[in-house]
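Quick notes on the structure that follows.
Residue numbers (the numbering used here), protein chains in the order written: chain A, 146 to 613; chain B, 27 to 512.
What follows is the structure, encoded as C-alpha cells:
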C-alpha cells in the first residue's frame, strides 16, 4: 500500500492598504455605495491612462523586504481576457519581472516556506448575480460594482513547500501576521481583502517528482482552505490508487457541499496574451528609497517569537500564541521589571485573550512576583489580574482590597493537619498512592481557609506529611 | 496653392490670434466666418463627424469678454480648432468614426484640448477619421469618407483625413490629428498642409483614444509651419496624467524658427527614395534637398538600412497593441450593445456589429501575434526589429542633424484605388519608421505632382529636436513661396 504525501503551493492575493487605487486617485475603501469610487481611469474609459501609485509600490516593497525578498527593477504587463467586471478587459499585472522575488515565510514551528514572488497588480470590480441563486448562469441579470476595480493587490506565490492542510493554514496565518505587522494590508479574508488559491498535488512518499496539480479557487477562510486541501488530496489519492490519472484542472470549492468541482481543464485554460504594458514605464525603485523602506520595517512575527523564546524559555506553541496576541512587548517589559517569566507567559497565554486594558508592565511584573513568592495562589492571581486590566493600580493593593492576605505558614499547616485528622479513610488511600485524593484534600483546605490557600502548597504539605 | 472651396481665404492661426489679442477682430466674428465656410463646404468635403456651432459661438464670446476685460486669452486667442474625433471632448460625442462608440460622451477633456482651450483656441468640430485611426484614406470611417478639397474624387489620406481636409478647405486654420504610422503626415501631404508628429512622449496622450499606445502621438495640422510651432508649444510639455510623457517642459519653437539651416547636416534617406516611390514625389524631395543646400545646409545621402523592415514590424506591433486596447468595447459599460442570451454572446454580437472590417482584421492579426507559441516569432521579433530601427537612426544622427524623405509614395489617390489592404499599408512605408523610433517628423507642402496634386516632403529629427526640425521646415516653406511667386 502506497503512502502518499500532499504537496501544496498557495497563491495569496492581498489588497494593499493604500489611501487610493493603484493607477488613479480614487479612494481605496471597502463597503462604500457601489460605483462611487470611480473615475475615467479605473473605469477604463477610452483615452484614459494609468499612473502608478507610489504608495502602493512602497507597501509592496515593504512586504517584499519583510519576506526577505530581493526587490528588483520590474515591469508591468497586460493580461488579456474578457470579463465584465474588468473594465479594460485586460488586467495590468506583473509577469516575468515582478518587484519581489525569492523570499521566505517562517512558520511558528520553525518550518521555512519559500516565496517565489510577490508582485503588484490591479484588482477587478465585483459582479453580483441577481436571481437564480446567485450563480451567473441562472441569474436574471448581473450588476457590477467597480469600486474595487484598480485597487492595488500583491499576489504572493509560495513554492510548493507545504505538506498538510494544517501547515497551509499556518502559512496563511503567518502571512497575515506579516501583512498586519508591516501595515501592507488589513488582510481580511471575510471582506475579500485577502484571497487564497491553492495548488494541490499528491505523490508517493519519498518521491521527488511533483504530481499533476489542481488549482482550487473560492476559498473564503482558512477553514475552507484546510477542508479543500484535505478533500482534494483524498480525491487525488483515490484516483491514483484506482489506477486513474489526475487531470490538470482549475477547480471550484463548494463550501456547502464540502467538495471541489472542475471549472476548466488545462486545454481550456485562457491564453492571456501577456505583453509589456505600453502605458507605463519600467519600475526601478531607487536604492535610497529601498533602503529607507527596509530600515523602517517593524519587528516581524518570527523575530518577535525568537526574542520572546530566548527571554522566557517558553515552548514554541506558547510563544507563538503570545506573539499572535501581540502581548510579547508587554511580557518582555514586565520581565525587565522583575516579573516571573513562567507566570507572565501563562497569564499572557490564558488570561489576556481580550484587551490588556489598564494593565501596565510594572503591575504585571509585581503580580507574578507575588505569585511566585507564594503570596498569591494561581486563582487569586487571576482575579487580581482581571482587576488590574479593568481598573489598573498596584497588585498588592488590589490583592489587599480583595482580601487576599497571604496565609501564614502555620495556619496553612494547621488546616492541612486538621483535614487529615478529619478524613482518615481518604488519608489511607493517599498513603496507598492514590494521587487523585490530593484534590479532595486541597478542596477541604480551601474550604477551611476561604479559598486563600495555594493548591500547590497544600499538595506539597500533604506529600511532606505522607513521607514523615 | 489655393483651397478648393471657393470664397475662402484662410488666415493663419498666428494672424487671427494677433488680431483678436489686439482687439482688432472679435473671436465671434472669426468663428462666424469659419462656420459660414464650413456650412458652404462641408456637404461636399465631409471633414467633420460633428460641427460644434453652439459651443464654438459661446466659447468665442467668452474669449471676446476676456479681451474686453483687458485679459490676454493666450497665443491662440479666437483660433478655430478642428479636433480629430478620437480626442475626448467633455460632453461632446467622441466616436473614433466607429459604430461601437455610438452615443458615448466622454466625461472629460483630453489634456491637449484643455491646453488649447486655455490658450484661447475655439473647438469648432470633431473631424472624420479611419475607424479607430486604422487606415490611410478615411475610407474606413463608419460614417463615410472625407473628400480631398483639392480633388473631390480623391481621398484626403488618413487616418487624420478629416483634420487635413478641414485645414485645406479653410474650415479651421488649426487641427489636431494623431499619428501612429503616419496618420498626421500622410493626409497633410495629400491635402497640401503642414502636419507634425512630435517626439513620442512630447505631447500627453491622456484623452486620445488609444490605437497602438507605444506609437500613438498627437500633433498639429496647419496651413503654415509657424502655426504648427505655436500649436506644439501650447500642447507640449509634461503631463502627470500620462506616465510616458517626457519630463521636459514645452520647448521654445517659435522664437527659433528664423535661425536658418546654415551649417546643418541633412541626410536624404536612400532606402526611402527607391522602388515604390513615384518619380514626381522623388523629384520634389530632391528639390527640397537642393533648397536646403542653397540655404546653407550640408546635404548628402544617408543609408538607414533597418527602415526597410519598418512596415512588417509595424503591422505586428500596432495590431497587437490594438487588439488589447480595443478589448474594452465589449457592450458592458458604454457605447453599442447588441443583446444576446449570455455575456460572451453579447460581447461577440456587439463587436461583430460595432467594428468595421479593417478594425476586425487588425484585432485578429494582433491577437494572433500575441498568442502563446507565436509571441516570440511575431511580437517578440517585431520588437527586435524596432530596436534595430532605433539603432540605425541613432547611427545616422551621429553624422546628420536632420533627415529628409518622402511622406507618401504618391499624391492623393482615387476612392477605392487601394481596396487591397496590403496596397493600402504601403502608403505608410516612409512615415512608419519615425513612429517605431519615437522620433519627430514633419510633412511640409512642397509643390505638386504631375497630376497637379500636392506633394509633401518629410523632415525627420532625433528625439526632442523639434526646434531644429522646424527651422528646416520653414526654410522649405519659404523656398516654396519663392518658387510659386517666380
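In this text, a Cβ means the ideal position worked out from N, Cα and C, and glycines have one as well.
Closer than 8 Å at the beta carbon, the chain B residues around residue i
i	result
residue 229 of chain A	356, 358, 369
residue 197 of chain A	269
residue 218 of chain A	Correct list: empty, because the minimum Cβ distance to chain B is about 16 Å.
residue 185 of chain A	132, 133, 134
residue 188 of chain A	359
Interface flag, residue i vs chain A, CB-CB below 7 Å
i	result
residue 185 of chain B	no
residue 134 of chain B	yes
residue 373 of chain B	yes
residue 350 of chain B	yes
residue 217 of chain B	no
residue 31 of chain B	Confidence at residue 31 of chain B is low in this model, with a pLDDT of 41, below 50, so the placement of that residue should be treated as unreliable; the coordinate-derived value is given next. For residue 31 of chain B, the answer is no, since every Cβ of chain A falls outside 7 Å of its Cβ.
CB-CB length for residue i against residue j, believed under 8 Å
i	j	result
residue 293 of chain B	residue 326 of chain B	6 Å
residue 390 of chain B	residue 163 of chain B	No, residue 390 of chain B and residue 163 of chain B are not in contact; Cβ-Cβ is about 21 Å, not under 8 Å.
residue 136 of chain B	residue 234 of chain B	6 Å
residue 291 of chain A	residue 188 of chain A	6 Å
residue 453 of chain B	residue 212 of chain B	6 Å
residue 218 of chain B	residue 209 of chain B	About 17 Å; that fails the 8 Å criterion.
residue 398 of chain A	residue 436 of chain A	Rounded, the Cβ-Cβ distance is 42 Å, inconsistent with contact.
residue 192 of chain B	residue 198 of chain B	5 Å
residue 205 of chain A	residue 299 of chain A	5 Å
Amino acids of chain A, ordered along the chain, whose beta-carbon sits closer than 8 Å to that of residue i
i	result
residue 235 of chain B	191, 192
residue 353 of chain B	225, 227, 233, 234, 235
residue 393 of chain B	418
residue 397 of chain B	416, 418
residue 106 of chain B	Per Cβ cutoff of 8 Å: no residues; residue 106 of chain B is ~23 Å from chain A at best.
residue 128 of chain B	Simply none; closest approach about 13 Å.
residue 266 of chain B	196
Listed by chain order, chain A residues near residue i by CB distance under 9 Å
i	result
residue 456 of chain B	By Cβ distance, chain A contributes nothing, its closest Cβ being about 24 Å from residue 456 of chain B, past 9 Å.
residue 240 of chain B	421, 423, 424
DSSP-derived helix/strand/coil call for residue i
i	result
residue 203 of chain B	strand
residue 466 of chain A	helix
residue 30 of chain B	In this prediction, residue 30 of chain B scores a pLDDT of 39, lower than 50, which makes its location untrustworthy; the coordinate-derived value is nonetheless stated afterwards. DSSP places residue 30 of chain B in coil when its eight states are reduced to three.
residue 304 of chain A	coil
residue 613 of chain A	coil
residue 469 of chain B	strand
residue 365 of chain A	coil
residue 50 of chain B	coil
residue 273 of chain B	coil
residue 272 of chain A	strand
residue 290 of chain B	coil
residue 321 of chain B	coil
residue 41 of chain B	helix
residue 59 of chain B	helix
residue 260 of chain A	strand
Chain B within 7 Å of residue i, Cβ atoms only
i	result
residue 420 of chain A	yes
residue 423 of chain A	yes
residue 416 of chain A	yes
residue 153 of chain A	no
Chain-ordered chain B contacts of residue i [CB-CB under 7 Å]
i	result
residue 426 of chain A	269, 270
Partners in chain B for residue i, counting only beta-carbon separations shorter than 9 Å
i	result
residue 297 of chain A	None at all; the shortest Cβ gap to chain B is about 16 Å.
Per-residue contacts from residue i into chain A (C-beta, under 7 Å)
i	result
residue 231 of chain B	194
residue 432 of chain B	Correct list: empty, because the minimum Cβ distance to chain A is about 28 Å.
residue 297 of chain B	Chain A residues near residue 297 of chain B: none, gap ~27 Å exceeds 7 Å.
residue 405 of chain B	420
residue 347 of chain B	423
**Request:** Please specify which runs of the beta strand (DSSP E), each continuous and at least 3 residues long, are wholly inside the segment 361 to 447 of chain B, giving them in chain order.
**Result:** Listed in chain order, the complete beta strand (DSSP E) runs (minimum 3 residues) inside the segment 361 to 447 of chain B are 428 to 432.
**Request:** Ignoring anything shorter than 4 residues or poking outside the segment 90 to 157 of chain B, list the alpha helix (DSSP H) runs there in chain order.
**Result:** For the alpha helix (DSSP H) assignment, the uninterrupted runs of no fewer than 4 residues enclosed by the segment 90 to 157 of chain B are, from N- to C-terminal side, 137 to 144.
**Request:** List in chain order: all unbroken beta strand (DSSP E) runs of 3+ residues lying wholly within the segment 163 to 249 of chain A.
**Result:** Whole beta strand (DSSP E) segments, 3+ residues: 222 to 225, 235 to 238.
**Asked** What runs of the beta strand (DSSP E), each 3 residues or longer, lie entirely inside the segment 157 to 231 of chain B?
**Response** Counting only runs of 3 or more residues that sit fully inside the segment 157 to 231 of chain B, the beta strand (DSSP E) segments are 200 to 205, 220 to 223, in chain order.
**Message:** My parser needs the alpha helix (DSSP H) runs of 4 or more residues fully inside the segment 406 to 484 of chain A; what are they?
**Reply:** Correct list: 432 to 440, 446 to 457, 461 to 469, 473 to 481.
**Asked** Curious, which full-length beta strand (DSSP E) runs of at least 3 residues does the segment 278 to 356 of chain A contain?
**Response** You should have 286 to 290, 297 to 303, 339 to 349.
**Prompt:** What are the start and end residues of each continuous alpha helix (DSSP H) run of 4 or more residues lying completely inside the segment 520 to 570 of chain A, in chain order?
**Reply:** Every alpha helix (DSSP H) stretch that sits fully inside the segment 520 to 570 of chain A and reaches 4 residues is listed by chain position as 523 to 536, 540 to 546, 554 to 567.
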